[in-house]
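**Student:**
Protein chains in written order, with this note's numbering: chain U, 715 to 1243; chain D, 29 to 346.
1. Using a Cβ-Cβ cut-off of 8 Å (strictly less than) and excluding sequence neighbours within five positions of residue 1088 of chain U, which residues of its own chain qualify?
2. Please list the partners that residue 332 of chain D has in chain U, where partner means a Cβ-to-Cβ separation under 9 Å.
3. Taking only beta-carbon atoms, is residue 1158 of chain U less than 8 Å away from chain D?
4. With distances taken Cα to Cα, identify the nearest neighbour of residue 1243 of chain U among U:1234, U:1224, U:1230 and U:1218.
5. Give a yes or no on whether the minimum CB-CB distance between residue 959 of chain U and chain D is below 8 Å.
6. So is the beta-carbon of residue 1038 of chain U under 7 Å away from any non-hydrogen atom of the ligand FMN?
7. With DSSP collapsed to three states, give me the class of residue 743 of chain U.
8. Can we say the region 1041-1052 of chain U touches the region 1079-1099 of chain U, given the rule of at least three CB pairs closer than 8 Å?
9. Are the C-beta of residue 1235 of chain U and some C-beta of chain D separated by less than 8 Å?
10. Check each candidate in D:216, D:240, D:269 and D:193 and name the one with the smallest Cα separation from residue 372 of chain D.
11. Is there at least one Cβ from chain D nearer than 8 Å to residue 1050 of chain U's Cβ?
12. Would you mind telling me which residues of chain D sit closer than 9 Å to residue 860 of chain U, beta carbon to beta carbon, in chain order?
13. Pull up the distance between the alpha-carbon of residue 867 of chain U and that of residue 998 of chain U, whole angstroms please.
14. Take residue 853 of chain U as the anchor and find which of U:779, U:876 and U:836 has the nearest alpha-carbon.
15. Within 10 Å of its beta-carbon, does residue 93 of chain D have 16 or more other beta-carbons around it, so buried, or fewer, so exposed?
16. Taking residue 307 of chain D as the query, report the chain U residues whose CB atoms sit under 8 Å from its CB, ordered along the chain.
17. So what does DSSP say about residue 1222 of chain U, is it helix, strand or coil?
18. When DSSP builds the beta bridges, which residues end up paired with residue 698 of chain U?
19. Taking the alpha helix (DSSP H) that residue 1000 of chain U belongs to, which residues open and close that run?
20. Starting from residue 1085 of chain U, follow its DSSP beta bridges and name the residues at the other end.
21. Within 8 Å of any Cβ in chain U, is that where the Cβ of residue 67 of chain D sits?
22. Tell me whether residue 890 of chain U is buried or exposed, calling it buried when 16 or more other Cβ atoms sit within 10 Å of its Cβ.
23. For residue 1216 of chain U and residue 995 of chain U, which I take to be in contact (beta-carbon distance under 8 Å), what is that distance rounded to the nearest angstrom?
24. Would you check if the region 94-111 of chain D and the region 261-279 of chain D touch, i.e. whether three or more CB-CB distances between them fall below 8 Å?
25. What beta strand (DSSP E) runs, 3 residues minimum, are completely inside the region 864-918 of chain U?
26. By Cβ distance below 6 Å, which residues in the same chain neighbour residue 199 of chain D in space, the five residues on each side in sequence not counted?
27. Take residue 133 of chain D and list the residues in its own chain whose beta-carbon comes closer than 7 Å to its own, dropping the five residues that flank it on each side.
28. Grouping DSSP H, G and I as helix and E and B as strand, with all else coil, what is residue 208 of chain D?
29. Measuring alpha carbon to alpha carbon, tell me which of U:925, U:892 and U:800 ends up nearest residue 840 of chain U.
30. Mark residue 801 of chain U as exposed unless 16 or more other C-beta atoms lie within 10 angstroms of its C-beta, in which case mark it buried.
31. If you count every other CB in all the chains shown that lies within 10 Å of the CB of residue 53 of chain D, and 16 or more means buried, which is it?
32. Verify the CB distance criterion: does residue 303 of chain D have a CB-CB separation below 8 Å to chain U?
33. Are the region 1151-1165 of chain U and the region 893-906 of chain U touching, with three or more C-beta to C-beta distances below 8 Å?
34. Would you mind telling me which residues of chain D sit closer than 8 Å to residue 1129 of chain U, beta carbon to beta carbon, in chain order?
35. Quick check: what's the CA-CA separation for residue 1042 of chain U versus residue 1025 of chain U?
Have a look at this one:
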């Protein structure tokens, strides 16, 4: 990336975010004004065109999938949900929160009560008009005793939901949460038409840009543009087809032979070969997805912070990034907050591979050597077993003997994760710091896989959640990242990029980095140039 | 004739017992796998509360024998039940996929059976010639490679380098027949390469075996042409082993194609059973296994009946 034109091209195809573009352009010695106008030129050049049939090849999807958003668990259903359903809010292309079905929102002073004003005249695919009761019924689908929803933990903090007239919904939370508008953008919390206070979750009607023509779980979905879609600058394709192509070679073949227009999860081992194809662009976004090695801080020897620090210093993250991800990612710094998060502490020094420090901490813990088991399976993340073996090699130099236990892929999340004292884990990440921390680092959280209980951290978490002052929040999240990094039970070797292959016929604006496939919104955001 | 009917009836009754045992083994097998449907569906997102709610809702909290007996009671009345995961009728879920699987198997059989017979007879006719050796080497090589490898090679040459056929066999019930056959051609060709060797070798061996018999020598001495000796004198007596190997190959084409389905994204039964095992969706696994087991039982029965028809001596054991 040495000259502006190359950068411009990257910006145009989404290889670099607008923010990064400006940063790098400035680094090239180009003044901010020129850089910004260049960025705008690119954005302007990309005027969406209507029409065509988009075919996506998605590396997930199973015959057991259902249209109920409460059970969405893979990218296939998430992308389908992104095309069919609207939520109250949307995470925009550059990671900020933007209005969707809610036109505006207003917190109370303690951030405990949130009033969402709904957009007028939004129509569901079944012809019903959006009203407050639909929002309430859709939210209640995930709440309550009999909820089977994967989103239950994130709607649990909601105490009551009430309608104030037909177009205002008031959420009362158990405690203040300044990020609540982010919470309601979650892909599970799709707003669906209600009847007598209940939604038909598997009917597949939503407010999104595309309605479902046919749905064959684990095989294909045919989507058709919804003529009464309220967004005028979205949903450019006439039709879309989502194909479940789990085998990566089959997906790559389909893309190179033109059977599909885009695929997710390019095989990083062959990505450089695919990039030579004249009809294909490799597009990467770096978001919040990351790999971890979670140590149970309630189990010896990991209950000793010096042991944890020794292990954190005994890993060469650069080498692991290069080997396991072939560079398609970013080094981790032993905390789960990614660069695309708002309060990412970029000034924290990068944790380096330091054998002396590892030995020092080991000695401080009163040990001359250490033998520990590390459980891994490729179900944790692709290449997890290789990563564990690599870790073993690095740690051996510091006198630490890591015994890599290869676990079965089947049932990894129910039998190994949260159970074994040290194991490899994958996190898709969360759009906000609070969400990530409350999900996996707060004391007592069901997925606190390090069983970490840190009084100061937990205090800060609650304070920061209700804090509406930006500067104060930034400071608090900074301290929390430092705490996790230096006292937490997690080794974060790297953040993985979402690597996609797109036909050159496709065009898009800045690619959303919060999730794969443009924040799950590829179908409504992209177009054929 | 009465003997054949009696044998068919006996075999069908035995088949039912086999199906029962199969269903029991499959049920116990899936029960032994770690985790259950609730945990697998919720995956990473599972919490104790939601898992418990899931189990209550689907009756997974009942003891295994109760669930098995309930399922059996349904089956006896012809009710396959509903998929636990998607709540869809299993008969509806399986219907389209079974058709797809049978279509692919039929297409592969239409190509491979005549091809194998032709190659086999020719190989017997020109035994130890260059042709015989070449056919043997090629077909044995093809059967030695794993299926996915053959599939990828075919895709590389017939879809990527020379884009004659699609690399995705995405068919659906609305696809017209010719289009369907075109889209399914590469998977069918892959399967053909996998099964042809066995049938071809068996045909060749069965015929050659007979060539040493006195009546063939007699035919030769009469001065009949070699092709006439093989086609009219040897082949009719060689049918029994050939039919058996053809039928076993057909059974394989129906139940053993999951790898080919995955590579070509062909929506058949194999993918369904793999997904269902993964999510511990027992009723669907059971239904698929019963179909597969029934396929084997029926095809074996067919083989035996056909064998007897071509060789009535078998009805009168000494």
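Think of the CB as a built atom: it goes at the ideal place given N, C-alpha and C, for glycine as much as any other residue. Here the structure is a predicted model, which is why all the values come from computation and not from measurement.
**Tutor:** Short version:
1. The residue labelled residue 1088 of chain U in the question sits at position 374 within the first chain. Taking residue 1088 of chain U as the centre and dropping the five residues before and after it, the same chain places the C-beta of 1007, 1102, 1105, 1106, 1116, 1117, 1118, 1119, 1136, 1137 and 1138 closer than 8 Å to its C-beta, in chain order.
2. Residue mapping note: residue 332 of chain D aligns to position 304 of the second chain, counting from 1. Within 9 Å Cβ-Cβ: nothing; residue 332 of chain D doesn't reach chain U, min ~35 Å.
3. For the purposes of this step, residue 1158 of chain U is taken as the residue at position 444 of the first chain. Interface annotation, residue 1158 of chain U: not in contact with chain D, CB-CB separation never under 8 Å.
4. Residue mapping note: residue 1243 of chain U aligns to position 529 of the first chain, counting from 1. Checked all of U:1234, U:1224, U:1230 and U:1218; the closest Cα to residue 1243 of chain U is U:1218.
5. Residue 959 of chain U sits at position 245 when you count from the first residue of the first chain. Yes, residue 959 of chain U counts as interfacial toward chain D.
6. This structure does not include the ligand FMN; it has no bound ligands of any sort.
7. On the first chain, position 29 is the one that residue 743 of chain U refers to. A caution first: residue 743 of chain U carries a pLDDT of 48, below 50, which makes its placement in the model unreliable, though a value can still be read off. In the structure shown, the three-state DSSP call for residue 743 of chain U is coil.
8. Flag = no, the region 1041-1052 of chain U and the region 1079-1099 of chain U do not touch.
9. To locate residue 1235 of chain U, count along the first chain from 1; it is residue 521. Cβ-Cβ to chain D under 8 Å: no for residue 1235 of chain U.
10. Outside the shown range of chain D (29 to 346) lies residue 372 of chain D, about which nothing can therefore be said.
11. Locating residue 1050 of chain U in the first chain gives position 336, where the first residue counts as 1. With 8 Å as the cut-off, residue 1050 of chain U does not count as an interface residue toward chain D.
12. Translated into the one-based positions of the first chain, residue 860 of chain U becomes position 146. Correct list: 81, 84 and 85.
13. Taking the first chain and counting its residues from 1, the one referred to as residue 867 of chain U is at position 153. Taking the first chain and counting its residues from 1, the one referred to as residue 998 of chain U is at position 284. The C-alpha of residue 998 of chain U is placed about 31 Å away from the C-alpha of residue 867 of chain U.
14. The residue labelled residue 853 of chain U in the question sits at position 139 within the first chain. When only C-alpha atoms are compared, the closest one is U:876.
15. In the second chain, the residue the question calls residue 93 of chain D occupies position 65. Taking every protein chain shown into account, the CB of residue 93 of chain D has fewer than 16 other CB atoms within 10 angstroms, so this residue is exposed.
16. The count along the second chain starts at 1 and reaches residue 307 of chain D at position 279. By Cβ distance, chain U contributes 776 and 778.
17. In the first chain, the residue the question calls residue 1222 of chain U occupies position 508. Assigned with DSSP and collapsed to three states, residue 1222 of chain U falls in coil, not helix or strand.
18. The requested residue 698 of chain U does not occur in the structure, where chain U is confined to residues 715 to 1243.
19. Counting from one through the first chain, the residue named residue 1000 of chain U turns up at place 286. That residue, residue 1000 of chain U, is in no alpha helix (DSSP H); its beta strand (DSSP E) goes 994-1009.
20. Along the first chain, read from residue 1 onward, the residue named residue 1085 of chain U stands at position 371. BP columns for residue 1085 of chain U point to U:1115.
21. For the purposes of this step, residue 67 of chain D is taken as residue 39 along the second chain, with counting starting at 1. Under the 8 Å criterion on CB atoms, residue 67 of chain D is classed as interfacial with respect to chain U.
22. As a working mapping, residue 890 of chain U is identified with position 176 in the first chain. Looking at its Cβ environment, which holds 16 or more other Cβ atoms inside 10 Å, residue 890 of chain U is buried.
23. Your numbering for residue 1216 of chain U matches position 502 in the first chain. Your numbering for residue 995 of chain U matches position 281 in the first chain. That pair is a contact at about 5 Å.
24. Taking 8 Å as the limit for Cβ pairs, the verdict is that the region 94-111 of chain D does not touch the region 261-279 of chain D.
25. The qualifying runs are 872-877 and 882-887.
26. What you label residue 199 of chain D is simply residue 171 of the second chain in a count that begins at 1. Listed in chain order, the non-local C-beta contacts of residue 199 of chain D below 6 Å within the same chain comprise 208 and 211, local neighbours out to five positions each way being set aside.
27. Here residue 133 of chain D refers to the residue found at position 105 when the second chain is read from its first residue. So the list reads 278, 281 and 282, once near-sequence residues are dropped.
28. Within the second chain, residue 208 of chain D is the residue found at index 180, counting from 1. In the structure shown, the three-state DSSP call for residue 208 of chain D is helix.
29. The residue given as residue 840 of chain U occupies position 126 in the first chain. Residue U:925 holds the alpha-carbon nearest to the alpha-carbon of residue 840 of chain U among U:925, U:892 and U:800.
30. Here residue 801 of chain U refers to the residue found at position 87 when the first chain is read from its first residue. Burial state of residue 801 of chain U is buried, judged by a 10 Å Cβ sphere holding 16 or more other Cβ atoms.
31. Here residue 53 of chain D corresponds to residue number 25 of the second chain, with the count starting at 1. With fewer than 16 Cβ atoms within 10 Å of its Cβ, residue 53 of chain D is classed as exposed.
32. What you label residue 303 of chain D is simply residue 275 of the second chain in a count that begins at 1. So, interface residue.
33. With the rule of 3 Cβ pairs closer than 8 Å, the region 1151-1165 of chain U does not count as touching the region 893-906 of chain U.
34. Mapped onto the first chain, residue 1129 of chain U falls at position 415. From the beta-carbon of residue 1129 of chain U, the residues of chain D found nearer than 8 Å are 62 and 63.
35. By 1-based counting over the first chain, the position of residue 1042 of chain U is 328. By 1-based counting over the first chain, the position of residue 1025 of chain U is 311. Here the alpha carbons of residue 1025 of chain U and residue 1042 of chain U stand approximately 24 Å from one another.
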